[in-house]
Amino acid sequence: MALNSVLAMSAFAELSNALDLGSAKAPMSLNRSVTLGSGTGAGKADKVFSDRRTLAASASEDLDLAGVLLDVFGSAITFVRIKGLFISAAAANTNNLVIGAAASNAWATLLNATGTLTLRPGATIGAMAGAADATAYAVTAGIGDQLKIANSAGSTPVTYDIHIVGASA
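Here the sequence shown stands for residues 40 to 208, numbered as in the numbering used here.
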């Protein structure tokens with residue numbers, strides 16, 4: 040099964056100021072993208088997990104990156120390297136989404152073992168994890184393969200979208 044991927048992030052802002060005889064504008068942009076072919080080496084990926092998930096109030100889940108997640112065809116996915124990770128909290132959420140710091144076997148190569156990242160409702164985070172190289176972010180089955188996602192409060196459920204692109208070797 041072949042996988043072709045484009046991982047992209049983009050930001051644009053334009054600062055403007057009214058002057059006596061016109062206006063001045065300073066557009067600023069940052070665009071990064073990586074195209075990955077099918078495979079496991081540098082510039083390649085062969086696994087993808089994409090899902091919309093909901094967590095009950097105060098709930099959390101540990102996504103096992105090595106052998107438990109299923110792809111769109113129902114096959115188990117074992118990531119050895121993560122090349123891109125994108126998570127988006129639904130704008131309609133009341134609570135925040137907290138990413139990272141699994142109690143055991145934490146996938147620590149992005150946030151370290153105890154680090155967390157908080158996404159407010161409507162926020163999105165994307166990491167092109169060294170996607171063009173062969174190393175990317177390592178996943179170690181049974182030792183460092185749990186990505187924790189948690190609902191920050193007990194009042195309402197949270198919904199989020201997740202997209203992970205990586206390689207099996």
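We treat Cβ as the ideally placed atom computed from N, Cα and C, and that holds for glycine.
Cβ separation of residue i and residue j, assumed to be a contact under 8 Å, to the nearest whole Å
{"i": "VAL197", "j": "LEU136", "result": "5 Å"}
{"i": "LEU156", "j": "ILE138", "result": "5 Å"}
{"i": "VAL119", "j": "ALA208", "result": "5 Å"}
{"i": "ALA52", "j": "MET67", "result": "5 Å"}
{"i": "ALA192", "j": "ALA96", "result": "7 Å"}
Bridge partners - residue i, DSSP secondary structure assignment
{"i": "LEU46", "result": "VAL73"}
{"i": "SER194", "result": "BP columns for SER194 are empty, so no partner."}
{"i": "GLY205", "result": "LYS86 and ILE121"}
{"i": "GLY183", "result": "THR179"}
{"i": "ASP200", "result": "ARG91 and SER127"}
{"i": "SER226", "result": "Residue 226 cannot be examined here, being either before or after the span of the chain that is shown, 40 to 208."}
{"i": "ALA189", "result": "SER99 and VAL137"}
Cβ pair residue i, residue j closer than 8 Å
{"i": "SER127", "j": "TYR176", "result": "no"}
{"i": "GLY205", "j": "MET48", "result": "no"}
{"i": "ASP103", "j": "LYS187", "result": "no"}
{"i": "ALA84", "j": "LEU42", "result": "yes"}
{"i": "SER194", "j": "ASN134", "result": "yes"}
{"i": "GLY106", "j": "ALA115", "result": "yes"}
{"i": "GLN185", "j": "ALA141", "result": "yes"}
{"i": "ARG45", "j": "SER62", "result": "The sequence as given places Val at residue 45; Arg does not occur at that position. Not closer than 8 Å, so no."}
{"i": "ILE203", "j": "ARG92", "result": "no"}
{"i": "THR79", "j": "ALA180", "result": "no"}
{"i": "LEU58", "j": "ALA65", "result": "no"}
{"i": "VAL178", "j": "TRP146", "result": "yes"}
{"i": "ALA98", "j": "LEU69", "result": "no"}
Complete runs of the beta strand (DSSP E) confined to the stretch 99–168 [at least 3 residues]: 99–103, 105–109, 115–117, 120–128, 136–138, 156–158 and 163–167
Unbroken stretches of the alpha helix (DSSP H), 4 residues or longer, contained in the stretch 58–85: none
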